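In the UniProt record's numbering, the protein residues as written are 1 to 239.
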């Protein structure tokens with residue numbers, strides 16, 4: 001029952017009720033919240049009040065809104081270890097979730113100074129920039145911009161589009177194994193692009209990880225800047 005006219009607004013009472021149901025398991029991870037109409041009927045309030053309550057849960061990172069589908073309870077954060085071998089698919093599978101990768105776009109261009117330095121190139125040397133999204137059980141975990149030297153890695157976009165795997169794309173270009181040479185971890189506030197790709201509210205925290213991978217001979221082959229939803233991963237650093 002909602003206490004009207006008290007010290008706690010009605011929308012906050014609704015939010016606290018739903019939050020308690022999430023914490024208690026009544027709304028488990030991955031569950032779809034009742035529709036706006038159903039919540040309106042349940043609590044005897046208008047749609048605006050329900051929207052305020054749901055927005056507060058989104059802002060806390062407890063639920064996510066998927067356009068055209070509904071609002072879902074967020075899963076337990078994914079433990080994401082960073083070490084010499086960092087493989088997204090292996091990390092996700094190891095926690096009993098289903099990994100997926102999606103090609104968002106690509107283009108061939110000259111290397112920026114930052115990318116050239118990371119990959120041991122000269123500025124304006126040709127690279128292919130690949131934008132990709134990464135998912136666990138269909139939930140966006142991260143999106144990234146990745147650079148690969150040309151012409152060696154010209155097939156990366158084609159193979160990645162077909163497999164959703166960077167490892168498979170590199171293998172198709174003659175690099176069956178690789179290791180992490182450098183990782184920088186930072187933080188930022190989600191902008192419109194982050195909000196779109198990660199299905200989070202703009203202004204939520206994101207983790208920004210810049211990395212360089214090298215082939216077995218120690219030659220830099222991949223520079224990446226990845227944006228992770230901070231509510232969906234727990235970064236650990238180690239071997």
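Every residue, glycine too, gets a C-beta built ideally from N, C-alpha and C. Fair warning: this is a prediction, and the values are worked out from it, not measured in the lab.
- Taking residue 122 as the centre and dropping the five residues before and after it, the same chain places the C-beta of 111 and 116 closer than 8 Å to its C-beta, in chain order.
- In the displayed model, residue 43 falls within a helix according to three-state DSSP.
- Counting every other CB atom within 10 Å of its CB across the protein chains shown gives residue 28 a total below 16, marking it as exposed.
- Your pair residue 75 and residue 137 checks out as a contact, with CB atoms roughly 7 Å apart and the cut at 8 Å.
- Remark: C-beta atoms of residue 229 and residue 198 approach each other more closely than 9 Å.
- In the three-state reduction of the DSSP assignment, residue 80 falls in the strand class, which pools E and B.
- Per DSSP, reduced to three states, the secondary structure at residue 222 is strand.
- Within 10 angstroms of the beta-carbon of residue 63 lie 16 or more other beta-carbons, which makes it buried.
- Spanning the alpha carbons of residue 175 and residue 79 requires a straight line of approximately 27 Å.
- DSSP, read as helix, strand or coil, puts residue 73 in strand.
- With respect to residue 88, residue 166 sits close: the two C-beta atoms are nearer than 9 Å.
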